[in-house]
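See below for the structure under consideration.
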Amino acid sequence: MSEKTLVGIVMGSTSDWEVMKEAAQVCKDFGVSYEARALSAHRTPDEVEAWVADMEKRGCQAFIAGAGAAAHLAGVVASKTILPIFGVPIPSKYLKGLDSLLSTVQMPKGIPVATLAIGEAGAGNAGLAVVAMLALNDVELRQKLLAFRASQAEKVRNSVLPELK
Ligand code: RP5
309 MSEKTLVGIV MGSTSDWEVM KEAAQVCKDF GVSYEARALS AHRTPDEVEA WVADMEKRGC
369 QAFIAGAGAA AHLAGVVASK TILPIFGVPI PSKYLKGLDS LLSTVQMPKG IPVATLAIGE
429 AGAGNAGLAV VAMLALNDVE LRQKLLAFRA SQAEKVRNSV LPELK
């Protein structure tokens, strides 16, 4: 049996990668296996369904889905699996991602999408949320996450504000 791919990262377009790569980077930094794909809920709905099913077979534990504008991708992924879905609203051209946020976060009761902030912070935090979830059953990953938090805190403690002229 080949290695499991623990996290599925999907985005509606290759134009979302600049934001969604933050989620992939977190997975890479923590040594969590992932696959990232550009698949669209409205342009390639059949491929989204087939990919979700394939990822489940390969041992996927959670999905991160990012899309912009009428951002139904995370909800569509959630409709096809009972695995946890973390949604990332992608900044959009005209409404700056408010449209993406509302269409990702406002899932009707019964099919949850845990939605993060708009943009890079949301994508990075989606990665960290998945790591935290996996760390519940992985002592080594838990230690890495604690070390990450400690080093982040240390940076803030050591930060110095500029002098007034
Ligand atoms: C959404 O439409 C994508 O998630 C992307 O954020 C947005 C624009 O897509 P492109 O026109 O750049 O492919 O489906």
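In this note's numbering, the protein residues as written are 309 to 473.
Virtual Cβ for every residue (Gly too), placed ideally from N, Cα, C.
| request: From the DSSP output, read off the bridge partner residues of Phe-286. | output: Past the boundaries of the shown model lies residue 286; the chain is included only from 309 to 473, so the question cannot be answered.
| query | Quick one: what does DSSP say Arg-457 is sitting in, helix, strand or coil? | reply | helix
| query | Are the Cβ atoms of Ile-426 and Pro-399 separated by less than 8 Å? | reply | yes
| Identified DSSP bridge partners for Glu-364 | The partner list for Glu-364 (beta bridge, DSSP) is empty, contrary to what the question assumes.
| query | Which residue spans inside the stretch 318 to 369 form an unbroken beta strand (DSSP E) run of at least 3? | reply | 342 to 346
| Neighbourhood of Gly-395 by C-beta, 6 Å cutoff - its chain only, sequence neighbours within 5 removed | Ala-373, Ala-382, Thr-412, Val-421 and Thr-423
| request: Decide if Val-464 is buried, meaning its Cβ has at least 16 other Cβ atoms within 10 Å, or exposed. | output: exposed
| Is there at least one non-hydrogen atom of the ligand RP5 closer than 7 Å to the beta-carbon of Asp-324? | yes
| When Lys-365, Cys-368, Gly-339 and Val-360 are compared against Ala-346, the one with the closest alpha-carbon | Val-360
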